[in-house]
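Its first residue numbered 39, the sequence shown is counted upward by one per residue in our numbering.
Written out below as structure tokens is the structure these notes cover.
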Amino acid sequence: MLRERLWDMVVPMVLWGVWLPSCLGQTTSPSQDGKIKIRLAGYPRKHNEGRVEVFYNGEWGTICDDDFTLANAHVLCRHLGFVEATSWSHSAKYGAGTGKIWLDNVMCGGTENSIEKCVSRGWGNSDCTHQEDAGVICKDERIPGFTDSNIIEMQVDENRMEKIRLHPLSSAHASHMPITEGVIEVKFKEGWGHICNTGWTKKNSRVACGMMGFPSQRTIGRIPHSPQSVYRIHSVSCTGNEAHLSACTMEFSKANSSTPCPGGGPVAVSCVPGPLFTQGRARRVKLNPMSQARLKGGAKTGEGRVEVLKGSEWGTVCDDRWSLQSASVVCRELGFGTAKEALTGARMGQGMGPIYLNEVQCRGDEKSLWDCPHKNITAEDCKHMEDASVICNVPYMGYEKTIRMVGGRMEHEGRVEVHVMSRWGTVCSDKWTTREAMVACRQLGLSYCLHAITETWYWDSSNVTEMVLSGVKCKGDEMILTDCQHHSVISCNRAGVQFSAGVICSDTASDLVLNAPLVEQTVYIEDRPLHMLYCAAEENCLTKSAAKANWPYGHRRLLRFSSQIHNIGRADFRPRLGRQSWVWHECHRHYHSMDIFTYYDLLSLNGTKVADGHKASFCLEDTECHEGVSKQYECANFGEQGITVGCWDLYRHDIDCQWIDITDVKPGNYILQVVINPNFEVAESDFTNNAMRCNCKYDGNRVWLHKCHLGDSFSEEAEKQFEHYPGQLNNKIS
Numbered sequence: 039m040l041r042e043r044l045w046d047m048v049v050p051m052v053l054w055g056v057w058l059p060s061c062l063g064q065t066t067s068p069s070q071d072g073k074i075k076i077r078l079a080g081y082p083r084k085h086n087e088g089r090v091e092v093f094y095n096g097e098w099g100t101i102c103d104d105d106f107t108l109a110n111a112h113v114l115c116r117h118l119g120f121v122e123a124t125s126w127s128h129s130a131k132y133g134a135g136t137g138k139i140w141l142d143n144v145m146c147g148g149t150e151n152s153i154e155k156c157v158s159r160g161w162g163n164s165d166c167t168h169q170e171d172a173g174v175i176c177k178d179e180r181i182p183g184f185t186d187s188n189i190i191e192m193q194v195d196e197n198r199m200e201k202i203r204l205h206p207l208s209s210a211h212a213s214h215m216p217i218t219e220g221v222i223e224v225k226f227k228e229g230w231g232h233i234c235n236t237g238w239t240k241k242n243s244r245v246a247c248g249m250m251g252f253p254s255q256r257t258i259g260r261i262p263h264s265p266q267s268v269y270r271i272h273s274v275s276c277t278g279n280e281a282h283l284s285a286c287t288m289e290f291s292k293a294n295s296s297t298p299c300p301g302g303g304p305v306a307v308s309c310v311p312g313p314l315f316t317q318g319r320a321r322r323v324k325l326n327p328m329s330q331a332r333l334k335g336g337a338k339t340g341e342g343r344v345e346v347l348k349g350s351e352w353g354t355v356c357d358d359r360w361s362l363q364s365a366s367v368v369c370r371e372l373g374f375g376t377a378k379e380a381l382t383g384a385r386m387g388q389g390m391g392p393i394y395l396n397e398v399q400c401r402g403d404e405k406s407l408w409d410c411p412h413k414n415i416t417a418e419d420c421k422h423m424e425d426a427s428v429i430c431n432v433p434y435m436g437y438e439k440t441i442r443m444v445g446g447r448m449e450h451e452g453r454v455e456v457h458v459m460s461r462w463g464t465v466c467s468d469k470w471t472t473r474e475a476m477v478a479c480r481q482l483g484l485s486y487c488l489h490a491i492t493e494t495w496y497w498d499s500s501n502v503t504e505m506v507l508s509g510v511k512c513k514g515d516e517m518i519l520t521d522c523q524h525h526s527v528i529s530c531n532r533a534g535v536q537f538s539a540g541v542i543c544s545d546t547a548s549d550l551v552l553n554a555p556l557v558e559q560t561v562y563i564e565d566r567p568l569h570m571l572y573c574a575a576e577e578n579c580l581t582k583s584a585a586k587a588n589w590p591y592g593h594r595r596l597l598r599f600s601s602q603i604h605n606i607g608r609a610d611f612r613p614r615l616g617r618q619s620w621v622w623h624e625c626h627r628h629y630h631s632m633d634i635f636t637y638y639d640l641l642s643l644n645g646t647k648v649a650d651g652h653k654a655s656f657c658l659e660d661t662e663c664h665e666g667v668s669k670q671y672e673c674a675n676f677g678e679q680g681i682t683v684g685c686w687d688l689y690r691h692d693i694d695c696q697w698i699d700i701t702d703v704k705p706g707n708y709i710l711q712v713v714i715n716p717n718f719e720v721a722e723s724d725f726t727n728n729a730m731r732c733n734c735k736y737d738g739n740r741v742w743l744h745k746c747h748l749g750d751s752f753s754e755e756a757e758k759q760f761e762h763y764p765g766q767l768n769n770k771i772s
């Protein structure tokens, strides 16, 4: 049977709260069985080594090194998502921990799936001190498909302080978001307190502003002492490079001190917001186009896979020695604050281009990762499964207060309602697509969009509200729905709560990309006889002029190439419709699970389409996978369709409709464009990498492709030059 498939492309308004962790970076991985958590801690260390800490019964603690073995280390490393352990350490090599010593005399066989399955003295039963804390060194290779990666973050020590907030200096400051000026208030278990401003420096302000999502700070006048001020911290001394205020040297006020802040007052700061957070919609602009860094694949503003620009091409950063300081350099460069988390193991999906930097070790005050000490990459050093990512601190904007989901069966799904002009109401679902749903999920703080819902009759509608928004059209990167285009006057073809816009959100998403070099390597021209093209004509895979041909005599000229579609995201790519909705095509004897999966276009150099093709997806399957990843989807016997994370689907050049009919195209220079999932029918974490383009030279007999690349792999300047490329002057591509 001929295989035919397709492919393509709560915080009050006057207060500001952020977590205030209090130690050096931790590496955490949630338990996959949901019972306990394991993390690596200590300093100095790499992301795959450290003191073992276990979260049990609501509290973090350590493991004693008595009777510790390599088998124990294997179990712990696999729990963290590494393939195995290479060594272990005793006597608190990575520093002494705090809190409970949860386990002692642990003895594992090595095959257990959790440390709690091993023999021990029992939880909390130990005769050790923290000078006997055990550590592990894991092999720096991730378990394929492991859903949770190491996260280097700051540990919150609630015994010292819980979080900070910014109290506005005036009601005028409180009425606009983000709040950029105010008195710092520190949360303790007993309540809120102030920091004495004696000896307070700009470096301290830089750290405090960074924690609240701001890249820099201004000077602010001294705030007079108030009799109501309660000073919990007498002094703070920062270098300015810390990711969190709690990493600075601190002196706490003594409870019985009569002068906790002699001659001073409470600390106040004035922070400078990044370009995305300047007050006023009209001034909200794109990030600095001259920036040498960007974030890709993240669900929310200020998070994603770190990519850097070298020459005219974007590439990724290896996670070896990745730290909060290095991650903070990226965050500040992009107009955010310091890094909240530095993520390893391709937590935000794998990149496809070059890997430029390895073992980046920033102080924290550099302007760019390129300014930090680093190693040049080699093929043996890193793979894309080690791509570094970051979650930046961003200013609190209160966006989640202007949107809600109602009627859904679970907290991550429901009908979308927004607060517009002092009233709550529904959103018209006309032309409601994945891109609009992406923005809604982001505004709700619920990560990625899984499905955009246009009919919500099956959800609870007991609290029906009027429609307050229609004609919503988003690019997909907006922070709130009202930043998207929308009607000034409500106009909806299918009004009523049963046709309101809805969403289903998800923690993960797929991400499809095309193997551009393979297209370049496999392109050729075939003159195919008409008598072999009846099925292709039936499925509209030929140009309109084919209908006037003298069937079955003659031929059509086809531009053919192979396509290899990789899923580099963190969720499987599945057709939106279930198999009960797939359409059977008798001619090729296959099912179509998507109307259009890929567009193939041949464009003139000024962007005019001169020929096109498409693929209707009847068969998405795992043709091949990376080592250690198992195939899940196969088309045979009406099987499930999809592309597994870490796998790819290959459409060979000799498959029907894997072409562009160029019978009517004159010789010349063109641009070949391939777009996957062009109608955004299936949710992805990143749609900007769904298009691939090549320079194309056609001399009437042969064809050459040059500079095939994904749509977002070049700098903006290089992409503009590509669009005005004058064409190759001879058959030798230089």
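Every residue, glycine too, gets a C-beta built ideally from N, C-alpha and C.
**Prompt:** Is V648 helix, strand or coil when you go by DSSP?
**Reply:** Along the sequence shown, read from residue 1 onward, the residue named residue 648 stands at position 610. V648: strand per DSSP, three-state reduction.
**Prompt:** Do M443 and A721 come within 9 Å of each other at the CB atom, strictly closer than that value?
**Reply:** Translated into positions along the sequence shown, residue 721 becomes position 683. Translated into positions along the sequence shown, residue 443 becomes position 405. No, Cβ-Cβ distance for A721 and M443 is not below 9 Å.
**Prompt:** Nearest to S619 by alpha carbon, out of A490, G135 and D633?
**Reply:** Position 581 of the sequence shown, counted from the start, is the residue given in the question as residue 619. It is D633.
**Prompt:** If we call anything under 9 Å between Cβ atoms a contact, is T149 one with W126?
**Reply:** By 1-based counting over the sequence shown, the position of residue 149 is 111. By 1-based counting over the sequence shown, the position of residue 126 is 88. No, Cβ-Cβ distance for T149 and W126 is not below 9 Å.
**Asked** Of all the options R595, P590, E493 and W230, which has the alpha carbon lying nearest to the alpha carbon of D565?
**Response** Walking along the sequence shown from the start, residue 565 turns up at place 527. Relative to D565, the option among R595, P590, E493 and W230 whose CA is nearest is R595.
**Prompt:** Do you know how far the Cα of N86 is from the Cα of F752?
**Reply:** Stepping through the sequence shown from its first residue, residue 752 is reached at position 714. Stepping through the sequence shown from its first residue, residue 86 is reached at position 48. Looking at the two C-alpha atoms, the distance is approximately 32 Å.
**Asked** If you compare alpha carbons, which of E665, F635 and H664 is closest to H652?
**Response** Residue numbering aside, residue 652 sits at position 614 when the sequence shown is read from its first letter. Among E665, F635 and H664, the Cα nearest to that of H652 is on F635.
**Message:** Is any non-hydrogen atom of the ligand SAM found closer than 8 Å to the C-beta of A584, if you look at the structure I gave you?
**Reply:** No copy of the ligand SAM appears in this structure; indeed no ligand is present at all.
**Asked** From the DSSP output, which residues share a beta bridge with V307?
**Response** Within the sequence shown, numbered from 1, the residue matching residue 307 stands at position 269. In DSSP, V307 forms a bridge with G220.
**Prompt:** Could you give the distance in angstroms between the alpha-carbon of L710 and the alpha-carbon of R598?
**Reply:** Numbered from its first residue, the sequence shown carries residue 710 at position 672. Numbered from its first residue, the sequence shown carries residue 598 at position 560. Taking the Cα positions, L710 is about 11 Å away from R598.
**Request:** Please state whether DSSP places P313 in a helix, a strand or coil.
**Result:** What you label residue 313 is simply residue 275 of the sequence shown in a count that begins at 1. Reduced to three states, the DSSP call for P313 is helix.
**Prompt:** Quick one: what does DSSP say T546 is sitting in, helix, strand or coil?
**Reply:** Position 508 of the sequence shown holds residue 546. Reduced to three states, the DSSP call for T546 is coil.
**Request:** Count the other C-beta atoms from every protein chain shown that fall within 10 angstroms of the C-beta of Y562, then say buried if there are 16 or more, exposed otherwise.
**Result:** By one-based count along the sequence shown, residue 562 stands at place 524. Exposed.
**Message:** Per the DSSP calculation, L347 is bridged to which residue(s)?
**Reply:** What you label residue 347 is simply residue 309 of the sequence shown in a count that begins at 1. W352.
**Asked** If you count every other CB in all the chains shown that lies within 10 Å of the CB of D549, and 16 or more means buried, which is it?
**Response** Translated into positions along the sequence shown, residue 549 becomes position 511. So D549 ends up on the buried side.
**Asked** Among Q169, G607, A539 and V113, which residue has its Cα nearest to the Cα of K469?
**Response** Counted from its first residue, the sequence shown places residue 469 at position 431. The shortest C-alpha to C-alpha distance from K469 to any of Q169, G607, A539 and V113 is the one to A539.
**Item:** Local Cβ density within 10 Å of A585, reported as buried at 16 or more and exposed below that
**Value:** Within the sequence shown, the letter at position 547 stands for residue 585. With fewer than 16 other Cβ atoms within 10 Å, it is exposed.
**Message:** Measuring straight from C-alpha to C-alpha, what distance separates I101 and R180?
**Reply:** Counting from one through the sequence shown, the residue named residue 101 turns up at place 63. Counting from one through the sequence shown, the residue named residue 180 turns up at place 142. Their backbone Cα atoms lie some 23 Å apart in a straight line.
**Message:** So for H205, helix, strand or coil by DSSP?
**Reply:** Taking the sequence shown and counting its residues from 1, one reaches residue 205 at position 167. Of the three classes helix, strand and coil, the one that applies to H205 here is strand, per DSSP.
**Prompt:** Which full runs of the beta strand (DSSP E) of 3+ residues lie inside the region 510-566, going along the chain?
**Reply:** Fully enclosed beta strand (DSSP E) runs of 3 or longer: 540-544 and 550-552.
**Message:** Let's test the definition: count the other Cβ atoms within 10 Å of the Cβ of E662 and tell me whether it reaches 16, buried, or not, exposed.
**Reply:** In the sequence shown, residue 662 corresponds to position 624, counting from 1. Its Cβ having fewer than 16 others within 10 Å, E662 is exposed.
**Prompt:** Helix or strand or just coil, what does DSSP make of D699?
**Reply:** Residue numbering aside, residue 699 sits at position 661 when the sequence shown is read from its first letter. Three-state DSSP puts D699 in a strand.
**Asked** Exposed or buried, what is Q363 when buried is set at 16 or more other beta-carbons lying within 10 Å of its beta-carbon?
**Response** As a working mapping, residue 363 is identified with position 325 in the sequence shown. Under this definition Q363 is a buried residue.
**Request:** Please say whether H232 and V221 have beta carbons closer to each other than 9 Å?
**Result:** Position 183 of the sequence shown holds residue 221. Position 194 of the sequence shown holds residue 232. One thing to note: V221 has its Cβ within 9 Å of the Cβ of H232.
**Prompt:** According to DSSP, what are the bridge partners of T636?
**Reply:** Translated into positions along the sequence shown, residue 636 becomes position 598. In the DSSP output, where bridge partners are listed per residue, T636 has K653 and I714.
**Item:** Residues sharing a beta bridge with M730, DSSP
**Value:** One-based indexing of the sequence shown puts residue 730 at position 692. Paired residue(s): V712 and L748.
**Request:** Determine, using beta carbons only, whether C625 and Y689 come nearer to each other than 9 Å.
**Result:** One-based indexing of the sequence shown puts residue 625 at position 587. One-based indexing of the sequence shown puts residue 689 at position 651. Not in contact: C625 and Y689 (Cβ atoms no closer than 9 Å).
**Asked** If you scan the region 224-261 from start to end, which runs of the alpha helix (DSSP H) of 4 or more residues do you find wholly inside it?
**Response** Correct list: 240-249.
**Asked** Can you tell me whether F676 is buried or exposed, with buried defined as 16 or more other CB within 10 angstroms of its CB?
**Response** Taking the first residue of the sequence shown as 1, we reach residue 676 at position 638. Classified as exposed, F676 has fewer than 16 neighbouring CB atoms from the shown chains inside 10 Å of its CB.
**Request:** Examine the Cβ distances between the region 602-619 and the region 669-684 and report whether three or more of them are shorter than 8 Å.
**Result:** Yes, the region 602-619 touches the region 669-684.
**Prompt:** What is the rounded straight-line gap between the Cα of C512 and the Cα of L519?
**Reply:** Counting from 1 along the sequence shown, the entry for residue 512 is found at position 474. Counting from 1 along the sequence shown, the entry for residue 519 is found at position 481. In a straight line, the C-alpha of C512 is about 8 Å away from that of L519.
**Item:** CA nearest to the CA of N717, picked from A490, V305 and L748
**Value:** Mapped onto the sequence shown, residue 717 falls at position 679. Comparing Cα positions, the closest option is A490.
**Message:** Relative to the C-alpha of W161, which candidate in K131, K378, F120 and N95 has its C-alpha closest?
**Reply:** One-based indexing of the sequence shown puts residue 161 at position 123. Of the listed residues, the one whose Cα sits closest to W161 is N95.
**Prompt:** Based on the DSSP output, what are the partners of Y269 in its beta bridges?
**Reply:** Along the sequence shown, read from residue 1 onward, the residue named residue 269 stands at position 231. Bridge partners of Y269: H232.
**Prompt:** Can you pull the DSSP bridge partners for W742?
**Reply:** Taking the first residue of the sequence shown as 1, we reach residue 742 at position 704. Bridge partners of W742: K735.
**Close beta carbons around M386, own chain, < 6 Å, minus the five adjacent residues each side** = In the sequence shown, the residue the question calls residue 386 occupies position 348. Hits under 6 Å: G335, G336, G342, R343 and S427.
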